[in-house]
Amino acid sequence: MSTGGVGGVTAVSGEFRREIEAIGEIFALLETFTDGQKIDEKTAFCINLVVEELFTNMVRHNRGGGDRITVSIERQDNQLHLELVDTDVEPFDPDTVEVPAVDADIEERRPGGLGIFLVRKMVDELNYDYETEGRRMRITVTKTLEN
Amino acid sequence: MFEIKRDANGTISLHGRLDASQVNNARAELDQITESCEVDFAELSYISSAGLGLLFGTQKRLVDSGGGLTLINLSPHIREIFQIAGFDHIFEIKD
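Which chain is which? The protein sequence lines are V and B, in order.
Just so we're aligned, residue 1 is where the first sequence starts under the working numbering, counting upward by one.
Just so we're aligned, residue 1001 is where the second sequence starts under the working numbering, counting upward by one.
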């Protein structure tokens, strides 16, 4: 884990093992950032959820990838920039995830696709890119702070 | 940290953070439910799609047998997640 910045921790980054159980360690890293930046409770909840959904997606869909997934978050003025990088993996574009039928009643509703859907609803931008060399997948997220 | 409890009246209470790493702990208790009951969110500070999916599966099973979960004391943040997910018309939600 690394941290940096003046006037509170303006950027943090860490490499985490490719396991769902690593989520607790990721939340601990994010907490150093949200506490340092005095991020409000609602936005902190949102950051946790966005990172968890993207991380668990990488763990589940990129089985056999590199041992570590890198998670970084940085503040620039009133914008938060999140980045998750996975290596030695096949491409997996979040745009290919089926959008859940949120208006459907319970008989027709299917549970899948909710994680990426929630992320898209909670952030300003979600971008994906894939480099064939190194088989490197990167997801970046931008969220504007309300205050 | 996450904990799930069931009291003598059958009310389920959720405590802490229900993330993907904790969902199997919750599943062990929710799979025991066979009839309608309340789920108290008062002490739950966080939930992600993993927890939502588990609650959805439980609700679907109960609705199919004529029952259902009633969710109480959701925080504003969690209530908003339920609304975005369209779960506010899948579950009965009470303040």
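Even glycine gets a Cβ: it sits at the ideal position worked out from N, Cα and C.
Keep in mind it's a predicted model, so treat the numbers as computed, not measured.
Would you kindly check if the distance between the Cβ of residue j and the Cβ of residue i is under 7 angstroms?
| i | j | result |
| --- | --- | --- |
| Thr144 of chain V | Asp129 of chain V | no |
| Glu83 of chain V | Ala11 of chain V | no |
| Asp1040 of chain B | Asn1073 of chain B | yes |
| Leu114 of chain V | Ala1085 of chain B | yes |
| Ser1013 of chain B | Leu49 of chain V | no |
| Val51 of chain V | Phe33 of chain V | no |
| Val89 of chain V | Met137 of chain V | yes |
| Thr1070 of chain B | Glu1043 of chain B | no |
| Val59 of chain V | Ile20 of chain V | yes |
| Gly64 of chain V | Asp86 of chain V | no |
| Ser1021 of chain B | Ile23 of chain V | yes |
| Phe16 of chain V | His61 of chain V | no |
State the DSSP-derived secondary structure class of residue i, mapped to helix, strand or coil.
| i | result |
| --- | --- |
| Asn127 of chain V | strand |
| Thr1034 of chain B | coil |
| Ala1042 of chain B | strand |
| Asp40 of chain V | coil |
| Phe1002 of chain B | strand |
| Leu30 of chain V | helix |
| Val141 of chain V | strand |
| Arg136 of chain V | strand |
From which residue to which residue does the beta strand (DSSP E) around residue i run?
| i | result |
| --- | --- |
| Arg17 of chain V | Ala11 to Arg17 |
| Gln76 of chain V | Arg68 to Gln76 |
| Glu1092 of chain B | Glu1092 to Lys1094 |
| Arg120 of chain V | Not the beta strand (DSSP E): Arg120 of chain V falls in the alpha helix (DSSP H), residues Leu114 to Met122. |
| Ser1013 of chain B | Ile1012 to Leu1018 |
| Asp86 of chain V | Gln79 to Asp86 |
| Thr1070 of chain B | Leu1069 to Ile1072 |
Taking the alpha helix (DSSP H) that residue i belongs to, which residues open and close that run?
| i | result |
| --- | --- |
| Gly1057 of chain B | Ser1049 to Asp1064 |
| Ile1081 of chain B | Pro1076 to Ile1084 |
So, under 8 angstroms CB-CB, residue i and residue j are touching, yes? Tell me the CB distance rounded to an integer number of Å.
| i | j | result |
| --- | --- | --- |
| Thr142 of chain V | Gln79 of chain V | 6 angstroms |
| Val1023 of chain B | Leu1062 of chain B | So it is not a contact: roughly 18 angstroms between Cβ atoms. |
| Val102 of chain V | Glu53 of chain V | The pair is not a contact, with the Cβ atoms about 16 angstroms apart (cut-off 8 angstroms). |
| Ile106 of chain V | Ile1090 of chain B | 5 angstroms |
Does the stretch 1023 to 1036 of chain B come within contact of the stretch 40 to 49 of chain V, defined as at least 3 CB pairs closer than 8 angstroms? Taking 8 angstroms as the limit for Cβ pairs, the verdict is that the stretch 40 to 49 of chain V does not touch the stretch 1023 to 1036 of chain B.
Okay, do the stretch 1050 to 1065 of chain B and the stretch 83 to 100 of chain V touch, 3+ Cβ pairs below 8 angstroms being the bar? As far as the Cβ criterion goes, the stretch 1050 to 1065 of chain B does not touch the stretch 83 to 100 of chain V, which means the pair count is below three.
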